[in-house]
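Heads up, the sequence shown is in the UniProt record's numbering, so the first residue is 1 and it goes up one at a time. Just so it is clear, CB atoms sit at the ideal spot from N, CA and C, and this is done for glycine as well. Since we're looking at a predicted model, the values are computed, not measured.
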Amino acid sequence: MDKSIFVKNLKVENQTNPLGIDISSPRFSWMINTEQNNVLQSAYHLIVADEDGEEVWNTGKTDSDQSVWIPYKGPSLKARKCYFWKVRIWDNKGQISDWSKASWEMGLLGKDDWQACWIEPEQKEAVEEPFITVQEMFSVGLKDKSLEEKAKDLRPPQLLRRKFTITGDIKKARLYVTSHGVYQLELNGSRVGNNEFAPDFTAYNVRLQYQTYDVTDLLAAGNNAIGAVIADGWYIGRIQLTGHSCQFGNKLGLLLQLEVEYQDGTTERIVSDEQFVSSTGPWEYADLFIGEKYDARLEQQDWSCFEFNDQNWKNVKQVDYPLDNLIAQFGPNVRAMEEILPLSVHCETDGAQIIDFGQIIAGRIRIAIEARNGDIITLQHSEVLDKDGKFFMNIIGRNKDQTDIFIAKGKGSEVYEPRFVFHGFRYVRITGLKAAIQKDAVRAIVLYSDMETTGHFQCSDQRLNKLQQNIQWSQKTNMLSIPTDCPQRERAGWTGDLQVFAPTAAFNMDVYTFLERWLGDVREEQFPDGQIANFVPTGKYYVKECSSMGQLSSAGWGDAIIIVPWVLYERYGDVRVLEQNYEAMAKWLAYVQEKAETEIPDSMTETDPVVLERQKYLWNTGFHFGDWLIPSIVESANENTGPMDSAILTKELVATCFYANSALLFAKIAELLGDKEISQTYYTLNKRIRKAFEKEYIESNGRISAHFQGIYILALQMNMVSSEKRPLVAAQLAQLIKDNDHKLDTGFLSVPYLMDVLCAEGYEDIAYRILFQTDCPSWLYEVERGATTIWESWSAIKKDGTVGHMSFNHYAFGCIGDWLYREPGGIKHSSPGYKHSIIEPNVNVGLSSAKAVLKTGYGILSSAWERNNDFIKLEVKIPPNTTATVILHGEKRVDIGSGTHQFHYESPSVLNGRA
Ligand code: RAM
1 MDKSIFVKNL KVENQTNPLG IDISSPRFSW MINTEQNNVL QSAYHLIVAD EDGEEVWNTG
61 KTDSDQSVWI PYKGPSLKAR KCYFWKVRIW DNKGQISDWS KASWEMGLLG KDDWQACWIE
121 PEQKEAVEEP FITVQEMFSV GLKDKSLEEK AKDLRPPQLL RRKFTITGDI KKARLYVTSH
181 GVYQLELNGS RVGNNEFAPD FTAYNVRLQY QTYDVTDLLA AGNNAIGAVI ADGWYIGRIQ
241 LTGHSCQFGN KLGLLLQLEV EYQDGTTERI VSDEQFVSST GPWEYADLFI GEKYDARLEQ
301 QDWSCFEFND QNWKNVKQVD YPLDNLIAQF GPNVRAMEEI LPLSVHCETD GAQIIDFGQI
361 IAGRIRIAIE ARNGDIITLQ HSEVLDKDGK FFMNIIGRNK DQTDIFIAKG KGSEVYEPRF
421 VFHGFRYVRI TGLKAAIQKD AVRAIVLYSD METTGHFQCS DQRLNKLQQN IQWSQKTNML
481 SIPTDCPQRE RAGWTGDLQV FAPTAAFNMD VYTFLERWLG DVREEQFPDG QIANFVPTGK
541 YYVKECSSMG QLSSAGWGDA IIIVPWVLYE RYGDVRVLEQ NYEAMAKWLA YVQEKAETEI
601 PDSMTETDPV VLERQKYLWN TGFHFGDWLI PSIVESANEN TGPMDSAILT KELVATCFYA
661 NSALLFAKIA ELLGDKEISQ TYYTLNKRIR KAFEKEYIES NGRISAHFQG IYILALQMNM
721 VSSEKRPLVA AQLAQLIKDN DHKLDTGFLS VPYLMDVLCA EGYEDIAYRI LFQTDCPSWL
781 YEVERGATTI WESWSAIKKD GTVGHMSFNH YAFGCIGDWL YREPGGIKHS SPGYKHSIIE
841 PNVNVGLSSA KAVLKTGYGI LSSAWERNND FIKLEVKIPP NTTATVILHG EKRVDIGSGT
901 HQFHYESPSV LNGRA
């Protein structure tokens with residue numbers, strides 16, 4: 001039937017027909033498909049039935065325009081059961097869609113659903129790296145052991161297998177599994193699923209995910225065998241800044257439950273128990289940071305098949321671990337998402353071959369090798385070459401080797417792809433290979449959490465397009481299981497980095513569920529006094545590591561617990577993320593409030609009661625990273641200070657700005673969740689903090705005591721300035737930028753607001769000069785220096801070509817992406833999840849065209865404009881069930897419904913000779 005509206009993209013918990021859900025009230029979403037304009041949903045009807053076709057929940061025709069995040073409200077859902085759901089909708093024109101159908105399956109819902117026991121293979125003892133401080137890690141004198149020495153402390157991944165028999169005709173078979181370490185599975189010689197680094201990186205002690213696999217087609221009648229390989233991963237291996245090991249435990253273990261349902265209704269369970277046997281395999285070691293050593297001569301053919309002779313394998317031990325920390329996989333798994341062919345291969349004088357993949361990524365290589373038995377081939381990974389084009393290990397520190405070793409068995413062409421490691425790199429230096437490497441014999445395998453790309457920005461300036469691509473690459477490659485600062489040196493879930501980047505991230509990809517999961521860890525790892533960790537998951541040395549700084553959190557980092565859920569709510573429209581984090585937000589703010597109210601700076605000698613009274617509203621004590629990595633400070637840093645002056649000189653003011661900002665956001669959130677009284681309290685608190693800030697730090701001429709660009713930006717953005725002083729403060733900022741030859745000098749926390757603040761205060765021209773600036777520091781300086789990702793430091797390659805020991809893949813400064821989508825792109829959310837949006841392209845940035853596309857929860861929203869002298873042609877696409885207001889040339893407002901709309905209007909050109 002030719003229906004003019006239909007319902008598509010049915011999702012449960014943001015996934016299509018998911019398996020293994022353990023949420024008691026899963027949320028349903030769908031999109032409406034139609035060729036017609038101005039379509040709004042007026043009602044829906046949703047029915048859920050169980051496996052036997054019995055209806056379990058029927059909403060009846062429900063008058064509502066909600067088509068995303070509708071929570072299930074039927075009777076309790078049962079473990080393991082598959083549920084079928086269908087939905088149809090009515091629109092504002094009286095049309096009814098057909099039913100659209102989908103399903104989901106519940107997983108194991110509690111420890112009683114587990115018959116399996118944890119098992120551990122006999123294993124070489126894991127070596128706990130000696131504790132070093134962050135300062136020691138970054139100190140020049142840091143001694144790192146040679147790879148050979150380290151190898152002695154490393155240990156092999158373990159292979160575990162078990163035989164079993166299938167006695168009937170299978171209806172369905174599910175495998176529920178998790179590990180201490182990272183695992184891969186095989187059934188009868190075939191790989192199970194395509195997850196990498198399962199069970200993902202979470203705060204394992206409190207939240208360990210199990211994965212569910214449909215293995216119906218992998219089982220055979222009669223004899224079968226199951227095999228698992230487990231490597232140290234994040235649980236035991238070297239991680240985070242200081243390359244510590246054993247942060248969550250020190251023994252590899254497996255928990256597995258295979259459930260088979262036969263056609264006749266009977267069931268069978270094969271679980272991890274002492275019938276498993278174990279052995280080491282071809283891996284001598286595999287450490288996430290150091291790399292993998294693989295000896296192909298030790299491969300055991302068909303080790304996961306029934307016939308394999310496992311006589312020499314060892315027994316495993318059943319061990320008792322509480323099962324309370326188990327949760328079902330939530331959100332995307334890591335996968336091999338892309339493959340890249342080399343750009344070039346060249347030989348160094350010593351015979352080493354350098355492969356250039358033309359793109360910095362996180363992942364590893366796959367290489368076809370022709371070598372002799374016992375040949376040792378070494379793969380080193382790096383993000384840059386030095387000034388003279390020579391291989392240069394840009395990442396230094398303890399255990400940051402990123403080196404894989406392959407020992408050939410020498411039988412024709414052998415394909416090697418490391419399995420339990422990933423690296424941050426663009427270049428690979430290969431030694432030990434006699435033959436010249438052919439380009440098509442190698443691929444770079446790009447690994448990240450499997451999220452949909454939702455955003456696209458393009459404009460008439462190719463350099464900005466390259467910047468946008470670089471931002472997207474830094475995002476993908478820093479979203480491998482958790483949101484990280486960088487995928488090579490630290491790979492840590494720094495809360496501050498994500499906080500500044502979250503709005504950009506939410507344009508580029510569907511990060512909602514991925515970040516919801518990580519926020520779960522942030523909450524779980526909140527300290528009893530309310531502090532939120534600087535990076536999450538933390539690990540057992542976190543507290544010790546922070547002790548030199550005197551506190552476990554920092555302003556602008558801990559505030560992620562309020563800012564990130566708020567951004568997610570705005571961009572995806574699901575109130576649950578606010579509800580879930582509400583308590584943690586309140587605890588964090590209570591901690592900050594207590595600090596502000598009870599502490600004053602050590603240097604303070606004031607006795608004036610008025611001055612002392614306002615100290616209660618200033619968060620001006622303790623350690624904070626401040627406006628981290630201010631370019632001019634990084635430039636002038638010496639070995640002793642490092643970048644720490646950025647923190648020391650700005651921390652008081654930054655902390656107070658974030659205190660005000662978080663109080664305000666929390667007031668809004670409380671209001672939204674119906675907590676009126678609390679909301680009022682925090683609106684008032686916000687006002688008091690702002691007033692105290694102005695009194696304490698802003699002079700009558702608008703100068704702020706910490707005279708840095710970033711402080712002015714934060715003060716203006718967070719409304720710390722009265723309306724009378726605003727122009728003066730803004731003028732100070734403008735002057736600072738002019739004095740800096742129109743270059744930014746902003747750190748991590750202020751840079752997200754740089755462009756918005758300048759534009760809002762009437763300094764558009766300065767903002768655009770910063771945008772198109774090509775001298776260092778600037779976004780286009782990096783682009784012109786050949787960047788393929790966003791760098792940690794703007795001057796990671798200096799003007800004279802000197803290459804620094806920096807990370808070349810930190811997404812934080814890529815936060816300008818949000819502005820590109822919103823301003824030249826023109827897409828702005830106006831009600832949560834883009835139910836209503838504002839399309840207001842800034843056609844005077846200095847571009848002749850721009851296009852922004854975003855796949856929202858309702859469908860594609862886009863804005864594309866082109867300038868022809870003084871005339872603008874704008875095409876806008878609005879998804880069904882949403883509306884938009886188009887603002888032309890800053891004044892004319894047009895309200896529109898879904899569909900494609902075109903506008904032509906006049907807007908005098910201010911191209912100023914730019915693209
Ligand atoms: C660096 C990290 C991260 C930042 C912290 C404060 O070590 O790379 O980006 O958040 O410091």
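Three or more Cβ pairs closer than 8 Å define a contact, and the segment 429-438 falls short of that threshold against the segment 486-500.
Note that the segment 736-754 touches the segment 702-711; at least 3 beta-carbon pairs, one per stretch, sit closer than 8 Å. Judged by their CB atoms, N333 and A198 are nearer to each other than the 8 Å cut-off. Sequence-distant partners of H742 (beyond 5 residues in either direction) whose C-beta falls short of 8 Å from its own C-beta, in its chain, are I766, R769, I770, Q773. Exposure of S76 is indicated by the presence of fewer than 16 other C-beta atoms within 10 angstroms of its C-beta.
In terms of Cβ geometry, N38 and G897 form a close pair [threshold 8 Å].
In the structure shown, N581 adopts helical secondary structure according to DSSP, grouped into three states. In the DSSP assignment, the residues bridged to G363 are H423, V446. Taking C-alpha positions only, N881 is separated from S863 by approximately 17 Å.
Here the C-alpha atom of E35 lies approximately 12 Å from the C-alpha atom of I878.
With a cut-off of 7 Å, the C-beta of E545 is classified as distant from the ligand RAM, since no heavy atom of the ligand falls inside that distance. At the C-beta level, G899 and V68 stay beyond 8 Å of one another.
Taking the C-beta atoms as reference points, S449 is found nearer than 8 Å to S481.
Leaving aside the five residues that flank Q732 on each side, the residues in its chain whose CB is nearer than 8 Å to its CB run, in chain order, N701, G702, R703, I704, H707, Y712.
Rounded to whole angstroms, the gap between the alpha carbons of I70 and W791 is 40 Å. Closest by C-alpha distance to I355, out of K317, R372, K390, is K390.
Here N638 is exposed, its C-beta having fewer than 16 other C-beta atoms within 10 Å.
Residue pairing of S100 in beta bridges, as defined by DSSP: V87. At a threshold of 7 Å, C486 counts as near the ligand RAM, since its beta carbon sits closer than that to one of the ligand's heavy atoms.
Between the segment 115-133 and the segment 235-247, the count of Cβ pairs shorter than 8 Å is three or higher; the stretches touch. For the pair of segments examined, the segment 421-433 was found not to touch the segment 159-178: the number of CB pairs separated by less than 8 Å stays below three. The nearest non-hydrogen atom of the ligand RAM is 7 Å or more from the C-beta of E866. By the criterion of a C-beta distance shorter than 7 Å, E196 is surrounded in its chain by V334, R335, A336, L447, once the five residues flanking it on both sides are discounted.
Taking a C-beta distance under 8 Å as the contact criterion, C305 and N188 qualify as a contact pair. Secondary structure of R893 (DSSP, three-state): strand.
Within the segment 553-581, the complete alpha helix (DSSP H) segments of 4 residues or longer fall at 560-572, listed in chain order. The DSSP assignment places 709-717, 726-739, 754-760, 764-771, 779-784 as complete runs of the alpha helix (DSSP H) inside the segment 707-786, in order along the chain (cut-off: 4 residues).
When the alpha-carbon of M644 is set against those of L653, T656, H624, A655, the nearest one is in H624.
Distances from the CB of E792 to the heavy atoms of the ligand RAM include at least one below 7 Å. The C-alpha of A362 lies about 29 Å from the C-alpha of G374. With contacts defined as CB atoms closer than 8 Å, R155 and A173 fail to qualify as a contacting pair. For L241, the distance from the CB to the nearest heavy atom of the ligand RAM is below 7 Å.
Here DSSP, grouped into helix, strand and coil, assigns P75 to coil. Its Cα nearest to that of Q41, the residue D65 stands out among R27, D65, S25, G168.
By the Cβ neighbour-count rule, R191 is exposed, with fewer than 16 other Cβ atoms within 10 Å of its own.
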